[in-house]
Every structure is written in C-alpha cells, then in structure tokens.
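Each residue of the sequence shown is one higher than the one before, starting from 34 at the first, in the numbering used here.
The beta carbon of each residue, even a glycine, is placed where N, CA and C say it ideally should be.
As the structure is a computational prediction, the values presented were derived from the model and not from experiment.
Down below is the structure, laid out as structure tokens.
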Amino acid sequence: MTYLRPNIASMKGYVPGFQPDDVASWIKLNTNENPYPPSTKVVEAILAELGSDGASLRTYPSASSQRLREVAGELYGFDPSWIIMANGSDEVLNNLIRACAGEGQDVGYVHPSYSYYSTLAEIQGAAVCTYGLTDSYKVEAFPEYYNGKIFFLTTPNSPLGFAFPLDYIEELARNCAGLLVIDEAYADFADQNALQLVKKYDNVVVTRTFSKSYALAGMRLGLAIARPEIIAALDKIRDHYNLDRLAQAACVAALQDQTYFRESCRKIIETREWFTMELNAIGYSVVPSQGNFVFASPPDKNGKRVYDGLFERNILVRLLSDPLLAHGLRISIGTRKEMETTLAAINKIG
Ligand SMILES: Cc1ncc(COP(=O)(O)O)c(C=O)c1O
C-alpha cells in the first residue's frame with residue numbers, strides 16, 4: 034500500500050549536477066555557475082538588509098517583491114505588471130506548468146535541453162512529449178500546429194550552447210496553441226534575446242535566472258516576463274513570500290550594477306571564445322556556444338574517458354547520462370586561469 038499518487042511513486046526525480054562539499058579544492062565547471070563573485074554592491078545590500086543584529090529577519094519580506102518588479106521592468110522595458118520574480122527560475126517554470134497543464138495534457142520540450150521540465154510535468158500528471166533536433170538545430174518533426182499546453186524552448190540551448198534564430202522562434206510561437214516558454218537562462222551571454230516577442234505574441238513567456246550571469250545561484254533568484262493576465266495567474270499560484278528579504282535586497286543591487294554585470298559577462302564570453310579556439314586546435318569538436326559553457330567532444334568521441342581524467346585532477350565537468358551525449362562533455366567557462374589549467378589537463382589526457 035502506498036500513500037502516494039501513482040505518478041509520484043513511479044517517477045525517478047531530477048538529479049542535479051554534483052555539488053562537492055570541499056568546493057575550494059575543485060575547479061568546478063559542471064553546473065554553469067559564474068566563476069566571478071557577484072558585485073560588491075550585492076554584498077553591501079545584503080549586509081545592510083541584515084543589519085547588525087538581524088532584526089529585519091523578524092518580519093516577512095515584501096510578498097510581491099514589488100520594488101524588484103519595478104527595477105527589472107525599467108531595465109528590460111516592461112511595465113512591472115508584466116514581471117514576476119521567482120525563487121530561482123525553476124520555481125516559475127514549475128508554476129507555469131501548474132497554471133496551464135492539467136492531468137494528461139501535453140507539455141513539450143526539445144531533447145536535449147533542460148530535462149527538469151519533464152520532472153515538473155510528471156509531478157503535475159501532465160503528458161510529456163519531447164522533440165529532437167535536426168542537424169541544422171531546428172526542432173525535429175515539430176507539428177504544423179502544436180496543440181499542447183506549453184512548449185519549452187531553451188535558447189541558448191543547454192547542453193549544446195547554440196541559440197535558435199529569432200525568426201525561427203517567432204515561427205514556433207505562431208505554431209503553438211498554448212504557451213511558448215522561452216527559457217533564456219543563458220541569454221545574457223548571447224548575441225540576441227527574445228524579449229521583443231513577449232510584446233508581439235500573447236502566448237510567449239520569457240524566463241531568466243540570476244544564477245549564471247549575475248553569479249547568484251546560491252540566492253535562488255529568477256523571473257518571468259509575460260502578459261499581465263499570465264503574471265496575475267502565476268501570482269495566485271506562487272508561495273506568497275517566495276523571495277526572502279536578503280534575496281530581494283541582493284537582486285535589486287545586482288540589477289542596478291549593470292557596469293559590473295556587463296564586465297563579468299564580457300570576460301566570460303572572451304574566455305569562451307579563446308577556450309573554443311584552443312580545443313578546436315587540438316582536434317576537439319566544439320559546438321559554437323552562446324552560453325557560459327561549451328559542449329566539446331574529443332577526437333575519439335569518448336566523453337567518459339576525458340571526464341575521468343579531469344576528475345582525477347580535481348576538475349569537475351558535466352558528463353550527461355544520455356547516450357546521445359556520451360561523445361562529449363559540457364564544460365562551464367571559468368576564469369581564464371581555470372580554463373588554462375583545464376586545457377593543460379585535457380592536453381595531457383589526450
Ligand atoms: C536552461 C535552464 N533553465 C533553468 C535553470 C534553473 O535556474 P535557476 O537556478 O534559476 O533555478 C537552469 C539551471 O541550470 C538551466 O540550465
């Protein structure tokens with residue numbers, strides 16, 4: 034006998050990337066975190082919010098994170114009513130499914146991309162359908178009209194790193210009966226983003242995270258931009274105090290220090306381009322990346338061999354369990370020095 038819903042009892046659950054306890058003894062390139070710290074203004078804002086005795090923690094934070102919606106709205110060119118803040122973008126991805134897809138209804142996404150969509154849909158009892166990629170990075174066999182409740186499009190794609198062209202995303206938006214959720218977790222490292230499509234199509238939602246480009250994975254911060262009626266529905270579903278006080282203070286400060294943010298992204302992009310060139314020079318094939326990581330395959334297409342060699346040298350990268358991706362590794366872009374060490378190790382491993 035089980036007290037659980039059958040779909041929960043039978044589901045596998047998502048396995049996040051390994052987070053070692055002794056993080057300082059690793060070059061950690063497995064979960065696309067930012068190698069640079071957040072802006073010093075972020076640290077100052079957290080300390081100011083905390084105060085000397087932590088008394089501010091006695092009271093609940095702003096339930097709506099209104100100040101953040103205003104600051105983000107101004108930055109991205111949207112009225113605050115088009116923005117919702119989230120406890121990591123994972124929270125808002127979950128709530129989008131809860132808002133739109135009931136038992137047995139279709140939720141779709143591209144494989145390979147972020148497989149957590151599948152876990153979230155399974156929890157909801159929704160039916161998951163995945164679509165592969167063609168050689169030219171289009172969605173394989175995407176129907177002329179997709180009747181599902183939500184389609185998730187990760188762009189730039191993770192783990193591969195390419196971005197879908199805007200006119201192609203627009204075509205998909207027109208061909209979706211339900212929401213097209215454009216997961217732009219890595220868009221700050223890309224040449225373009227799809228924000229303009231939110232204004233143009235009423236079924237388009239863009240999600241962003243502060244875990245990568247803003248170096249705030251440990252604070253759990255994300256957001257979604259969509260029509261006010263969608264935002265209002267998401268507001269009904271979320272935990273009423275979904276962002277704690279310190280996270281709200283940190284996020285305002287992070288958004289306001291665009292100079293630091295841009296410089297941090299610039300360094301990562303520059304290192305990404307250098308690392309790609311160096312890997313190509315030693316015979317690795319690398320998908321040209323628009324994210325803060327690259328997907329790279331050694332000449333013998335044996336990702337596990339290189340993963341093991343790097344692991345022995347305390348360099349942690351991502352080997353994906355899917356056989357479709359076993360020929361390569363997803364390697365996050367660290368500091369230039371970390372990537373030089375990684376490259377030297379790869380050279381030794383062969
Ligand atoms: C494509 C994609 N979407 C969403 C997330 C989750 O981000 P967050 O840390 O904001 O929950 C990740 C994290 O790796 C990701 O790769």
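Output the boundary residues of the alpha helix (DSSP H) element that contains residue i.
i	result
Ala78	73 to 83
Cys284	278 to 289
Thr375	369 to 382
Gly137	No alpha helix (DSSP H) holds Gly137; DSSP gives it neither H nor E.
Ser151	149 to 157
Ser365	Here Ser365 belongs to no alpha helix (DSSP H); instead the beta strand (DSSP E) covers 362 to 365.
Val339	336 to 345
Ala359	Segment: none, Ala359 is in no alpha helix (DSSP H) and carries neither H nor E.
Pro332	Unbroken run through Pro332: none, as it is neither H nor E.
Ala105	99 to 109
Ser95	Looking at the DSSP string, Ser95 is not in any alpha helix (DSSP H), and its letter there is neither H nor E.
Pro39	39 to 43
Which same chain residues, not among the five before or five after residue i, have their C-beta less than 7 Å away from its C-beta?
i	result
Ala95	In the sequence as displayed, the identity of residue 95 is Ser instead of Ala. Counting only Cβ-Cβ distances below 7 Å, and skipping sequence neighbours, we find Gln281.
Arg346	Ala378
Gly165	His144, Glu173
Glu82	Ser89, Arg278, Leu279, Ala282
Phe111	Ile258
Ile302	Phe222
Asp224	Gln323
Asn63	Gly50, Phe51, Leu349, Val350, Arg351, Ser365
Glu311	Leu376
Val339	Pro331, Leu362, Ile379, Ile382
Ala7	Because the chain spans 34 through 383 in this model, residue 7 falls outside it and cannot be assessed.
Ser114	Pro261, Ile264
Thr35	Ala42
Lys61	Leu349
Kindly list the residues whose CB is nearer than 8 Å to the CB of residue i, restricted to its own chain and excluding five residues on each side of it in sequence; keep chain order.
i	result
Met252	Phe243, Leu279, Ala280, Ala283, Cys284
Asn208	Phe175, Pro176, Glu177, Tyr178, Tyr179
Asn128	Ala119, Leu267, Ile270, Arg271
Phe26	Outside the shown range of the chain, which is 34 to 383, sits residue 26, and nothing can be said about it.
Ala78	Ala282, Ala283, Val285, Ala286
Ser148	Tyr47
Lys337	Leu352, Ala359
Asp290	Ser72, Lys74, Val75
If you follow the beta strand (DSSP E) that residue i is part of, which residue opens it and which one closes it?
i	result
Cys133	Not the beta strand (DSSP E): Cys133 falls in the alpha helix (DSSP H), residues 122 to 133.
Ala218	First-last for Ala218: undefined, no H or E at that position.
Ser244	Here Ser244 belongs to no beta strand (DSSP E), and DSSP marks it neither H nor E.
Val161	160 to 164
Ala119	116 to 119
Counting only the same chain and skipping the five closest in sequence on each side, list residues whose C-beta sits under 6 Å from that of residue i.
i	result
Glu136	Gly158
Phe184	Gly141, Cys209, Leu213
Gly211	Gly181, Lys182, Ile183
Arg27	Outside the modelled stretch of the chain, which goes from 34 to 383, sits residue 27, for which no answer is possible.
Ser318	Ser330
Pro385	Missing from the structure shown is residue 385; the chain here goes from 34 to 383 and no further.
Gly342	Ile382
Thr152	Tyr47
Ser246	Asp221, Cys298
Do we get a CB-CB distance below 7 Å when we pair residue i with the residues of chain C?
i	result
Lys74	Of the chains in the structure shown, none is chain C; there is only one protein chain.
Taking any heavy atom of ligand 1 as the mark, which residues have a C-beta closer than 5 Å to it, listed down the chain? Gly121, Ser122, Asp123, Tyr147, Thr187, Ser191, Asp216, Ala218, Thr242, Ser244, Gly255
Exercise. Does the region 354 to 369 touch the region 317 to 334, meaning 3 or more C-beta pairs lie closer than 8 Å?
Worked result: At 8 Å Cβ cutoff, the stretches touch.
Note to self: Quick check for students: name the residue ranges of the beta strand (DSSP E) that lie wholly in the region 248 to 330, counting only runs of 3 or more.
What the structure shows: 255 to 258, 326 to 330
Below 8 Å, can you find three or more Cβ-Cβ pairs linking the region 288 to 308 to the region 257 to 276? no
Pairs of beta-carbons, one from the region 93 to 111 and one from the region 185 to 197, closer than 8 Å: are there three or more? no
- Does the region 194 to 206 come close enough to the region 224 to 242 that 3 or more CB-CB pairs lie under 8 Å? yes
| said: Restricting to runs no shorter than 4 residues, where is the alpha helix (DSSP H) found entirely within the region 177 to 239? | reply: For the region 177 to 239, whole alpha helix (DSSP H) runs of length 4 or above, ordered along the chain, are 199 to 207, 228 to 233.
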